[in-house]
Structures are given as structure tokens and as C-alpha cells.
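Participant: Under this note's numbering, the final residue of the sequence shown carries the number 248; numbering is consecutive throughout. Built from N, CA and C at the ideal position, the CB exists for glycine as well. It should be emphasised that the depicted structure is a prediction, and the values quoted were computed from it without experimental measurement.
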Amino acid sequence: MKSKQRWILSSLALLSAVVLLIAVRVDRFGQEEHAEPTDAIVVLGARVRPDHSPCPAARARVEKAVELYRRNIAPVVYFSGGVGDNAPSEAEAMRDYAIGLGLPANAARLEAESHSTEQNAQRTTLLLRAAGERRAVVVSDPYHLLRARQYFRLQGFEVATSPALVSERNSDPLTRAHWTLRESAALLLHPRVLFASAP
Numbered sequence: 050m051k052s053k054q055r056w057i058l059s060s061l062a063l064l065s066a067v068v069l070l071i072a073v074r075v076d077r078f079g080q081e082e083h084a085e086p087t088d089a090i091v092v093l094g095a096r097v098r099p100d101h102s103p104c105p106a107a108r109a110r111v112e113k114a115v116e117l118y119r120r121n122i123a124p125v126v127y128f129s130g131g132v133g134d135n136a137p138s139e140a141e142a143m144r145d146y147a148i149g150l151g152l153p154a155n156a157a158r159l160e161a162e163s164h165s166t167e168q169n170a171q172r173t174t175l176l177l178r179a180a181g182e183r184r185a186v187v188v189s190d191p192y193h194l195l196r197a198r199q200y201f202r203l204q205g206f207e208v209a210t211s212p213a214l215v216s217e218r219n220s221d222p223l224t225r226a227h228w229t230l231r232e233s234a235a236l237l238l239h240p241r242v243l244f245a246s247a248p
């Protein structure tokens, strides 16, 4: 019985160590700015509130994307995300917020059907390729960027990343740790994503 308990404790300790190692990688990667002049900016969605406005995380992502647009990082911005618990789609809510911040309407593109990071990458990659755009920078919360890049790699599309550092999910240390550990556990359960290599 004691040997079985030791095995369980050892396994839990090893699992915890692996999650922490992934968490360090997720956090470090997400805090780094990799934006450079490219063909398009892609903003990954977050939930829409009952009043039909984007949640704080989505607003932070949009604000970062508009900042990049103003810096001439790219001439167009793709907003990705479908309809969740509240209408409109995440993409539409983010686009409207971006236009309110000064983004020209003709610079906005919509991908309003996806419901996961994997679908964000799949559907947005199709739109990017159809438009002849070969490079993009993806904007999201820092904890989310490594997994997002990996999903784009699985679509054969390499992207740079740009973190929305002012997001509430990043500014509070406990909240940042929660989301980073949650993300790390998700990556551990999907090694295909974690170890996706550049195309």
C-alpha cells in the first residue's frame, strides 16, 4: 500500500513539475512583443457581454490591435470569433469597438463563425490565404499567445504574436497565474499542439 502511495505522490509531483515548466514557457512567451510589419493583424475573440459589448479582455485585445494598426504594422485587421452566449458575434463586437477607436471600417475583416482557438486559426487562415496575405501578427492575452501560434502552425501558417498586456487577466498577478496554469494544463493534454513546429 505504501509503495502505491509513493508512486501516486511521485507521479503527482512529476506532473506538477511539468505543468510548471510549461507555465514558465507560456508566461515568458506571452510577455514578449514580436510584432513587425506584416500583411495583416488578427485579433482573437473573447466573450460578448449581455449589453452586446466586448468584455474587458476583448477590449484590451482590440486596443492593442488598433495601436499596431496606427503604427503601420499592417493595413488590415481581422477580428475572429463567433456568437457565444450573447449576440452579436465576438468578431462584430470587437470590430465595432475598434471603429469607435478610430479604425477605418474598410480596414476591418470579419471571421464570425469560430468557437475555439483551433477554429480561429483554421477559419482565419482560410481568409488570409484567399486574400493573398502570407504573414500576420496575432493579438490576444499573453497567456493565450503560445497556444494560438501553435494552432496557426498546425494550419501551415506562421504568425508573429503581440500581447495585450493591459488586459485584466495579465495585470493582476493572481489572475495571471490562474490563466497561465490553466493554459499550461490544456497544452499538456494536447501535445500535438504543444509540439507543433514552424511550417
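1. Tell me, which residues are paired with Pro212 by DSSP?
2. Once you ignore the five residues that flank Tyr146 on each side, which residues in its own chain have a CB closer than 8 Å to its CB?
3. For the segment 93-160, list the alpha helix (DSSP H) runs that are entirely contained and at least 4 residues long, ordered along the chain.
4. From the DSSP output, in three-state form, read off Ala89 for me.
5. With distances taken Cα to Cα, identify the nearest neighbour of Pro153 among Ala170, Ser216 and Val125.
6. Glu141 and Leu159 look like a contact to me (Cβ under 8 Å); what is the Cβ gap, rounded to whole Å?
7. Relative to the alpha-carbon of Val258, which residue among Ser52, Gln80, Ile71 and Ala66 has its alpha-carbon at the smallest distance?
8. Within 8 Å (strictly less), CB to CB, does Leu214 reach chain B?
9. Just confirm the distance between the C-beta atoms of Phe206 and Val187, as a whole number of angstroms; I'd bet it's less than 8 Å.
10. Taking a contact to mean a Cβ-Cβ separation below 8 Å, would you say Leu177 touches Ala185 in this structure?
11. What is the DSSP secondary structure of Phe206, counted as helix, strand or coil?
Facilitator: Here's the rundown:
1. Ser189
2. In the same chain as Tyr146, and ignoring 5 residues on each side of it, the C-beta atoms closer than 8 Å to its own belong to Ser102, Pro103, Ala107, Arg108 and Val111, in chain order.
3. Whole alpha helix (DSSP H) segments, 4+ residues: 105-119 and 139-149.
4. strand
5. Val125
6. Contact between Glu141 and Leu159 holds: their C-beta atoms lie close to 7 Å from each other, under 8 Å.
7. Past the edges of the chain, shown from 50 to 248, lies residue 258, and the structure says nothing about it.
8. No chain B appears in the structure shown, which is made up of a single protein chain.
9. That pair is no contact at about 10 Å.
10. yes
11. Annotated three-state conformation of Phe206 is coil, per DSSP.
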